[in-house]
Amino acid sequence: MARYLARRLLLMAATMAALSIVCFAIIQLPPGDFLSARLAEMAGTGDTVDVANVAWLRAQYGLDEPFIVQYWLWISGVVGGDLGFSFELRMPVAEVIGERLGISLTVEILAIIVLWAIAVPVGVYSAVRQYSIGDMAATLFGFIGLAIPNFLLALLLMYLSYIAFGVTIGGLFSPEYVDARWSAGRLLDFLGHVWAPVLVIATGGAAQIIRILRANLLDELSRPYVDTARAKGMAEWRLILRYPVRVAMNPLVSTVGWLLPTIISSSIVTGIVLNLPTLSPILLRSLLAQDMHLAGGLILLIGVLTLLGTLLSDILLAWLDPRIRLG
Amino acid sequence: MTDRGLGHLNEDNDITSRRSCMTARTVLLGALLVLGPAVAGSEPFKEAPELAALVAEGKLPPVDERLPTQPLVVSPLSEIGTYGGTWRSALKGASDTGWLRRTVAYDPLVAYSFDWDDVVPNVALSVDVNDDASEFVFHLREGHKWSDGTPFTAHDLEFAITDAIQIPEYFGASRNTHLLGAKATAVDDLTLKIELPEPNGLFLKQMASVSGMWPLMYQEEYCSQFHIKYNPDADAEAKSAGLTGWPEALYLACDLDNWRDTERPTLLAWKLTSPYDGLSQQVTFERNPYYFKVDSASNQLPYLDSLQMRQSSSVDDMVLQALNGDIDFMDRHIATTANKPLFIDGQAKGDYRLFPTVQANMNTSIIQLNQNSENPALNALFNEHDFRVALSLAIDRQEIIDVLFVGQGEPWQASPRPESRWHNERLAKQHTEFDPDRANALLDGLGLTGRDAEGFRLGPDGKRIAFRLDVTSDVQPTFPDVAEMLAIYWRALGIQLDVRKSERSFVYETMRANRHDAHIWQGDGGLGDAILDPRYYFPANVESVYALLWAKSLYDPGAADALEPPPAVRRQQDLYRELQRSADPVLQDQLFAEILEIAADEFRVIGISLPPNGYGIARNDMGNVPELQPHSWIYPTPGPMGVAQLFHKRG
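Chains as they are written, first to last, in my numbering: chain A, 111 to 437; chain B, 685 to 1335.
And the structure:
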């Protein structure tokens, strides 16, 4: 196990190195750089651009260096623990990520809990009561949730809550609580806002889990060991939950680690539409502004989370299913 | 500078007496706004109850000591207001300083009048100008104070201009370029002399513009701590904070572009209390007890206690806030043509109303054909007057107006708006009729009669006449639609327009390198900005991309790729130089009218239609909401109305 882990970690380091080059290169692919994006934006508002000053600024930001030098400056800092400085927000990238990570995690974990709490029981029910009214309904609603783009669902929720209750649910806090300390009132206010993104993210993913679980469970339910257990007089629900469900969960568990990177990336559109103070709108903004260090840092973080998640899944799977061997 | 007293801008003088004492050597700087009676001493000054309480507790000096001896007296747009309340609005994303500069941050030395016709005193009490408009003396108000209670003097301005704005290490990408090369001297505490390297008759108009605010943001005492000249440790301190050096620290703390330092003292009506750093969800301001303006009933302004700007990444979120009545007064981002029906329907429920604004733009879309193109075939065609006229005649403008602008507006070329004093009927309306037959005849007349198998005309080089238009939808979502319709009209002429939707920075990169065939953009320069940004009337600045290389011969003659323009354009540029050397607005108007006449002969760019009025959203309980205010960036709407007079009606 230890050797296996060591080998995986080494491979991860190599993957990260390759990933860092690719992501830095891709961010630089569009013509221009942070300054030209900034200038184009200013020209849009009608501001006079001080063209003479731009060359000096470009040197200050190190944007006039060749790609490889810019990359080296960045990556050597990253390896040393310094994620660099955001050009646009003008603060250390680590600070930006730190500020937003907590809220991102909270929203995403809440969404995952809700998602699994809904999807797993529904999936089990759908398989056990195949072709029943309940199964059909679950499938129908699951697919509707999958088919409606998240941003549209978010817009619909915002509009409906405005029409029906006269409240706007954008953001995660009302103005009076934005800068307040945590209190019972702030928590209630937070819960009054957070249900919308949680619902949007959860409905988007529910259908997939329901269908996977249903298909796997159907395979398992016709296995001889189920008949044997039943013949021995085991209570039906206890039987189902103890054996076939456990096996049917395998594919879900093996992908649970993939949920990690979604902390940043899954809810980009939802995060923007609902104006959430999470990392996803910052990622989009940094890419548009060609804010190299911030965008690079975030993409690198997604990469790390993906690799970590995969590792975590593999370990979890081995623990859940003794038939699986690592090594 | 002998007739200092005559070339004088002063709020106590009225326009007629000014004109009657004009001599050959005096200069009138726009008409003068009469701001009610001079009230200093006539009635005791009044203040907000919160401030009165602080005065009673001894925590704040009395209002008479906080105000300058001659405060600026504001005649409210509609009524005297009452104290209290918050102005709620919204900011989009992390770099929407535009809304701040339009609202709280417009209080320059001299300001635009409401109708944008004149320049009036603001922070400065008066200005003297010499004959050739190269030396400007600003007189400040005695007793004017920063928000920390320390005196505001000419030395602060000298510091800002000399040590902050002009330094080669300046860290921003835009600054007050009109001040570059100027020498600022604090003659005494209340007198600032600015000597320009070259005469600039438009200087006061530029200082009243949105960029005129730069010198007023830097308090010497606070900001000099970030400056290497005043603090030898400044560079080390900045670097230890993770910045590139002291220029960045100075820029972040004090520049007009930055609103992250809540310590910085201010002259503005409200001071920053919660910073705009891109991460905080809300930016807030509270009343500056030392603000220098009073209303005509001697109440110190501002009426409103605080400003609250919610940061949002989504325009939809902002629209819902407005619909729900959570926005008190705003137009930025949300007041689009597409949203208008939604806002009209929601008025009763959200307890707000729509107020009209006059778009300063003179056109919904201007098409610029690159007449300095490096493609010889296109260059030759685009330089044919008749070719440009033919393209213009082939456009069914009324159809575009009906389809894209819900029937609002009228066919219009690149010409100042009808409200403008530079309105030129011929320039505005020529070649706007839809006449495809004449258009075809004109092209035939140019010898472009050969056609290829698909019916496209062949150019002089024997190849199909085709060019491409990279169009961005970021600024106006209608640009791509207009471009697609143009492609249809010009297809009927036998000319191929290849429309590509592109990202904005790509479009700009291409243009800066002069590699574009054509460009489509909004019609800047329709009202008071026409003379300041005449980009479409002759090749004048970096945005004149129909003839960028000719424009360079004016704004950057030393550039290696600058080209000598044809005689008519040369004449326009000479007239503009003459206009810049004159301090006489009457002469300036004459010269500008002549420039526009030549523009009509030349017909270099193609316009589509006059933009309809814009609108904004105001809660029904907001008082002194401006009606039909010009809407622009140079004139940063609603700033020149004096937003300190906005208030919440009681009951």
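Note that CB positions come from ideal geometry on N, CA and C, so glycine has one too. Note that this is a predicted model, so its numbers are computed, not measured.
In the DSSP assignment, find the unbroken alpha helix (DSSP H) run with residue i in it and report its ends.
i, result
"His1200/B", "That residue, His1200/B, is in no alpha helix (DSSP H); it is neither H nor E in DSSP."
"Trp226/A", "Val203 to Val238"
"Phe1039/B", "No alpha helix (DSSP H) holds Phe1039/B; the beta strand (DSSP E) holding it covers Tyr1036 to Gln1043."
"Ser1237/B", "Leu1232 to Tyr1239"
"Tyr1173/B", "Phe1163 to Leu1177"
"Lys631/B", "Since the first residue shown for chain B is 685 and the last is 1335, residue 631/B is missing from the structure and cannot be characterised."
"Ser375/A", "Thr372 to Ser375"
"Asp337/A", "Pro334 to Ala341"
Answer with yes or no whether the minimum CB distance from residue i to chain B is below 8 Å.
i, result
"Ala147/A", "yes"
"Trp166/A", "yes"
"Thr278/A", "yes"
"Tyr272/A", "yes"
"Ser177/A", "Just to set this straight, residue 177/A is Phe in the shown sequence, not Ser. No, because no Cβ of chain B sits closer than 8 Å to the Cβ of Phe177/A."
"Ala150/A", "yes"
"Phe283/A", "yes"
"Glu218/A", "no"
"Asn163/A", "yes"
"Asp289/A", "yes"
"Gln170/A", "yes"
"Val383/A", "yes"
"Leu265/A", "yes"
"Met268/A", "yes"
Distance cutoff 8 Å, beta carbons only. Does residue i sit that close to anything in chain A?
i, result
"Gln1005/B", "yes"
"Leu1330/B", "no"
"Gly720/B", "In this prediction, Gly720/B scores a pLDDT of 39, lower than 50, which makes its location untrustworthy; the coordinate-derived value is nonetheless stated afterwards. False, the Cβ-Cβ gap to chain A never drops below 8 Å."
"Asp1285/B", "no"
"Ala857/B", "yes"
"Gly1212/B", "no"
"Phe1190/B", "yes"
"Ser996/B", "yes"
"Gly962/B", "yes"
"Gln992/B", "yes"
"Asp1000/B", "yes"
"Pro1322/B", "no"
"Ser958/B", "yes"
"Leu936/B", "yes"
"Gly742/B", "no"
Please report the residue range of the beta strand (DSSP E) in which residue i lies.
i, result
"Lys977/B", "Lys977 to Asp979"
"Gly1025/B", "Sequence check: residue 1025/B is Pro here, not Gly. Pro1025/B -> not in any beta strand (DSSP E); alpha helix (DSSP H) instead, spanning Lys1024 to Asp1029."
"Tyr1299/B", "Gly1298 to Arg1303"
"Ala808/B", "Ala808 to Val813"
"Val758/B", "Leu756 to Val758"
"Ser1266/B", "Run containing Ser1266/B: none; DSSP gives neither H nor E here."
Would you say the beta carbon of residue i is closer than 7 Å to some non-hydrogen atom of the ligand SAH?
i, result
"Ser236/A", "As far as ligands go, the structure on display features none, and thus does not contain the ligand SAH."
**Request:** Give a yes or no on contact between the stretch 1313-1328 of chain B and the stretch 1032-1042 of chain B, applying the rule of three or more CB pairs nearer than 8 Å.
**Result:** The stretch 1313-1328 of chain B, when compared against the stretch 1032-1042 of chain B, does touch it at the 8 Å Cβ threshold.
**Prompt:** Hey, is the stretch 1320-1332 of chain B in contact with the stretch 788-795 of chain B, meaning 3+ C-beta pairs nearer than 8 Å?
**Reply:** At 8 Å Cβ cutoff, the stretches touch.
**Request:** Would you be able to state if there are at least three C-beta pairs under 8 Å between the stretch 388-407 of chain A and the stretch 208-219 of chain A?
**Result:** Yes, since at least three Cβ pairs between the stretch 208-219 of chain A and the stretch 388-407 of chain A fall closer than 8 Å, the two stretches touch.
**Request:** Give a yes or no on contact between the stretch 364-373 of chain A and the stretch 413-421 of chain A, applying the rule of three or more CB pairs nearer than 8 Å.
**Result:** Yes, the stretch 364-373 of chain A is in contact with the stretch 413-421 of chain A.
**Message:** Is it the case that the stretch 854-871 of chain B contacts the stretch 917-937 of chain B, given that we only count it when at least three CB pairs across the two stretches are under 8 Å?
**Reply:** By the Cβ test, the stretch 917-937 of chain B is in contact with the stretch 854-871 of chain B, since at least three Cβ pairs between them sit closer than 8 Å.
**Request:** Compile a chain-ordered list of the residues in the stretch 964-985 of chain B whose CB is closer than 9 Å to at least one CB of chain A.
**Result:** Here the close residues are Ser964, Gln965, Gln966 and Thr968.
**Prompt:** What are the residues of the stretch 1044-1061 of chain B that lie near chain A, defined by any Cβ-Cβ distance shorter than 7 Å?
**Reply:** For the stretch 1044-1061 of chain B, the set of positions with a beta-carbon nearer than 7 Å to some beta-carbon of chain A is empty.
**Asked** Between the stretch 129-144 of chain A and chain B, which residues of the former have a C-beta closer than 8 Å to a C-beta of the latter?
**Response** Listed by position along the chain: Pro140, Pro141 and Gly142.
**At least 3 beta-carbon pairs within less than 8 Å: the stretch 395-403 of chain A vs the stretch 237-248 of chain A** = Contact fails: fewer than three Cβ-Cβ distances are below 8 Å.
**Prompt:** Enumerated in chain order, which unbroken segments of the alpha helix (DSSP H) with a length of 4 residues or greater are wholly contained in the stretch 1061-1118 of chain B?
**Reply:** Qualifying alpha helix (DSSP H) stretches, in chain order: 1069-1077, 1081-1088 and 1109-1113.
**Message:** Counting only Cβ-Cβ distances shorter than 7 Å, please list the residues of the stretch 780-805 of chain B near chain A, keeping chain order.
**Reply:** Under the 7 Å Cβ criterion, the stretch 780-805 of chain B contributes Gly782.
**Request:** Could I get the ranges of all uninterrupted beta strand (DSSP E) runs contained in the stretch 764-793 of chain B, with 3 residues as the minimum, in chain order?
**Result:** Those beta strand (DSSP E) runs which fall completely within the stretch 764-793 of chain B and span 3+ residues are 770-776.
**Request:** For the stretch 386-404 of chain A, enumerate the residues whose C-beta is nearer than 7 Å to any C-beta of chain B, in chain order.
**Result:** Within the stretch 386-404 of chain A, the residues whose Cβ lies closer than 7 Å to any Cβ of chain B are, in chain order, Pro387, Pro391 and Arg395.
**Message:** If we require 4 or more residues per run, which alpha helix (DSSP H) segments fall completely within the stretch 854-911 of chain B?
**Reply:** Segments of the alpha helix (DSSP H) lying fully in the stretch 854-911 of chain B: 887-891 and 904-907.
**Asked** What are the residues of the stretch 1007-1025 of chain B that lie near chain A, defined by any Cβ-Cβ distance shorter than 7 Å?
**Response** Result list: Leu1007, Asn1008 and Asp1010.
**Asked** Counting Cβ pairs closer than 8 Å, one from the stretch 906-914 of chain B and one from the stretch 837-854 of chain B, do we hit at least three?
**Response** In this structure the stretch 906-914 of chain B lies against the stretch 837-854 of chain B, because at least three pairs of beta carbons, one per stretch, are closer than 8 Å.
**Message:** Along the stretch 195-209 of chain A, where does the CB come closer than 9 Å to a CB of chain B? Name the residues.
**Reply:** Listed in sequence order: Phe195, Ser196, Glu198, Leu199, Arg200, Met201, Pro202, Glu205, Val206 and Glu209.
**Request:** Would you be able to state if there are at least three C-beta pairs under 8 Å between the stretch 312-323 of chain A and the stretch 243-259 of chain A?
**Result:** Flag = yes, the stretch 243-259 of chain A and the stretch 312-323 of chain A touch.
**Prompt:** Do three or more CB pairs link the stretch 179-195 of chain A to the stretch 872-887 of chain B at distances below 8 Å?
**Reply:** In this structure the stretch 179-195 of chain A does not lie against the stretch 872-887 of chain B, because fewer than three pairs of beta carbons, one per stretch, are closer than 8 Å.
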